[in-house]
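Just below is one structure, and these are the notes that go with it.
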Amino acid sequence: MNGDALIQAASAIGAGLAMIAGIGAGIGQGFAAGKGAEAVGKQPEAQGVIVRTMLLGAAVAETTGIYGLVIALILLFANPFV
Amino acid sequence: MNGDALIQAASAIGAGLAMIAGIGAGIGQGFAAGKGAEAVGKQPEAQGVIVRTMLLGAAVAETTGIYGLVIALILLFANPFV
Amino acid sequence: MNGDALIQAASAIGAGLAMIAGIGAGIGQGFAAGKGAEAVGKQPEAQGVIVRTMLLGAAVAETTGIYGLVIALILLFANPFV
Numbered sequence: 001m002n003g004d005a006l007i008q009a010a011s012a013i014g015a016g017l018a019m020i021a022g023i024g025a026g027i028g029q030g031f032a033a034g035k036g037a038e039a040v041g042k043q044p045e046a047q048g049v050i051v052r053t054m055l056l057g058a059a060v061a062e063t064t065g066i067y068g069l070v071i072a073l074i075l076l077f078a079n080p081f082v
Numbered sequence: 101m102n103g104d105a106l107i108q109a110a111s112a113i114g115a116g117l118a119m120i121a122g123i124g125a126g127i128g129q130g131f132a133a134g135k136g137a138e139a140v141g142k143q144p145e146a147q148g149v150i151v152r153t154m155l156l157g158a159a160v161a162e163t164t165g166i167y168g169l170v171i172a173l174i175l176l177f178a179n180p181f182v
Numbered sequence: 201m202n203g204d205a206l207i208q209a210a211s212a213i214g215a216g217l218a219m220i221a222g223i224g225a226g227i228g229q230g231f232a233a234g235k236g237a238e239a240v241g242k243q244p245e246a247q248g249v250i251v252r253t254m255l256l257g258a259a260v261a262e263t264t265g266i267y268g269l270v271i272a273l274i275l276l277f278a279n280p281f282v
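Here you go:
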């Protein structure tokens with residue numbers, strides 16, 4: 001076994017670990033979805049602005065999940081160590 | 101043991117780790133389902149817009165779970181290291 | 201020890217790790233069940249629409265748990281590495 005194999009093996013584990021960040025976005029965006037559904041039920045005439053606000057907030061919550069994805073993709077396809 | 105076996109073994113662990121991201125979507129979408137059910141109970145006449153908002157938000161919350169699935173599938177079937 | 205044994209051992213760990221995703225669906229769907237029960241208690245006449253909304257949302261929350269199950273089954277029965 002050479003060193004490159006060890007680095008690639010560790011990178012595969014690292015890529016999997018990076019995806020765990022997605023837990024946060026999933027919880028947060030689901031909370032936003034629930035409150036959004038509650039709000040449109042109370043004020044259906046304000047649906048447009050409620051949904052836009054929900055999606056804007058969810059897009060911000062998505063960022064850390066995308067950071068994890070980017071690091072995983074770098075580890076797999078643009079690994080600086082191998 | 102050769103290096104490829106080590107990389108494949110680590111990729112199998114990495115694929116499992118990547119799926120842990122699904123925790124977030126499960127919690128978040130369940131919260132959305134609960135708030136959606138509560139909202140339609142209070143305003144049954146607004147059911148359509150409540151359910152649409154709930155499903156739209158849940159779709160956004162699904163994304164990070166799908167990122168994890170994509171990384172797991174890459175590690176298993178399109179692994180750049182083996 | 202040969203490489204296949206290491207890959208199979210790691211795949212067993214990976215399959216177990218993938219199932220951790222089920223935490224999310226369990227929490228989320230339990231929350232949905234609780235809010236659904238609360239809602240039918242307050243508006244028994246709306247039971248049909250409440251339960252349908254709850255089950256629709258819970259089905260969405262199930263998806264990431266199923267992704268984890270699929271990856272675990274692939275690691276065990278359709279492992280691309282062994």
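Residue numbers (this note's numbering), protein chains in the order written: chain S, 1 to 82; chain W, 101 to 182; chain U, 201 to 282. By construction, the Cβ of each residue, glycine as well, lies at the ideal position given by its N, Cα and C atoms.
Would residue i count as contacting chain S if we go by Cβ distances under 8 angstroms?
i	result
F177(W)	no
L117(W)	yes
Between residue i and the rest of its own chain, which residues show a CB-CB distance below 7 angstroms, the 5 nearest in sequence each way excluded?
i	result
A87(W)	Since the displayed chain W opens at 101 and closes at 182, residue 87(W) lies outside it and no answer follows.
A289(U)	There is simply no residue 289(U) to check, as chain U begins at 201 and stops at 282 in what is shown.
Looking only at its chain, what residues have a beta carbon closer than 8 angstroms to the beta carbon of residue i, apart from the 5 residues adjacent to it on each side?
i	result
Q143(W)	I150
I207(U)	N279, F281 and V282
A21(S)	T64, G65, Y67 and G68
M19(S)	G68, L69 and A72
A46(S)	A39 and V40
Considering residue i, what are the terminal residues of the alpha helix (DSSP H) in which it resides?
i	result
I20(S)	Careful: I20(S) lies outside any alpha helix (DSSP H) and carries neither H nor E.
E62(S)	Q47 to F77
Just to confirm my understanding: we take residue i, look at its own chain, exclude 5 residues before and 5 after, and list those with CB closer than 6 angstroms. What are they?
i	result
G28(S)	A61
T154(W)	Per the sequence shown, the amino acid found at residue 154(W) is Met instead of Thr. Answer for M154(W): A132 and G136, listed in chain order.
So, under 8 angstroms CB-CB, residue i and residue j are touching, yes? Tell me the CB distance rounded to an integer number of Å.
i	j	result
I113(W)	A210(U)	5 angstroms
G136(W)	G34(S)	7 angstroms
I23(S)	I123(W)	5 angstroms
Strictly under 8 angstroms for the Cβ-Cβ distance: is residue i near chain W by that measure?
i	result
L273(U)	no
F31(S)	yes
Worksheet entry | Against chain U: residues of the region 137-160 of chain W by CB proximity under 9 angstroms | A137, E138, A139, V140, G141, K142, P144, Q147, I150, V151, M154, L155, A158 and A159
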